[in-house]
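See below:
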């Protein structure tokens, strides 16, 4: 495939990216824009792939949530989805479902990283910062770090 002078088509490049993981249309547009030879060529190629369901923003949303929900809170996942050009009702619905498991997921992330309650204020602050940067809400972080409802 890497023959001298051979340039894969935009559709070929898009399919190669899609074979690695799900991408949103906006992501593909951003990644492939530099390879467009004629105006409108990229949009046409992506339209064809979308019509054949190779590009599916719903699958891209599910993929991000599946890969990242074990490590990140809803706020960070929302940020990643937005960076991929995904928004709207499908994202809102997916994030609403994540909220239900936010406390359990935060506990698991905390347990893997720390495993034991903080012994002093400095350690507690470190644990709080860690969970906040992972995108968990302040209330969830407080409950996890203080062990508010360990059952």
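Residue numbers (full-length UniProt numbering): 1 to 151. Note that CB positions come from ideal geometry on N, CA and C, so glycine has one too.
Please name the residue in the options whose C-alpha comes closest to that of residue i.
i           : options             : result
residue 57  : 74, 46, 76 and 22   : 22
residue 134 : 105, 34, 82 and 55  : 105
residue 118 : 61, 146 and 60      : 146
residue 52  : 73, 18 and 71       : 18
residue 63  : 7, 112, 94 and 132  : 94
residue 128 : 115, 142 and 116    : 142
residue 111 : 71, 80 and 50       : 71
residue 48  : 144, 131, 86 and 15 : 15
Would you kindly report the start and end of the unbroken alpha helix (DSSP H) that includes residue i?
i           : result
residue 138 : 138-146
residue 56  : Careful: residue 56 lies outside any alpha helix (DSSP H) and carries neither H nor E.
residue 158 : This structure gives no information on residue 158, because the portion of the chain shown stretches from 1 to 151.
Since residue i contacts residue j with CB under 8 Å, what's their CB separation in whole angstroms?
i           : j           : result
residue 103 : residue 140 : 5 Å
What do you reckon, are the CB atoms on residue i and residue j nearer than 8 Å?
i          : j           : result
residue 10 : residue 27  : no
residue 46 : residue 33  : no
residue 61 : residue 69  : no
residue 83 : residue 137 : no
residue 25 : residue 65  : no
Task: Ranges of the alpha helix (DSSP H) found wholly within the UniProt domain "RecX first three-helical" (12-49), counting only runs of at least 4 - done: 25-32
TODO: Go through the UniProt domain "RecX second three-helical" (56-95) residue by residue and report every complete run of the alpha helix (DSSP H) that reaches 4 residues or more, in order.
DONE: 57-68 and 74-83
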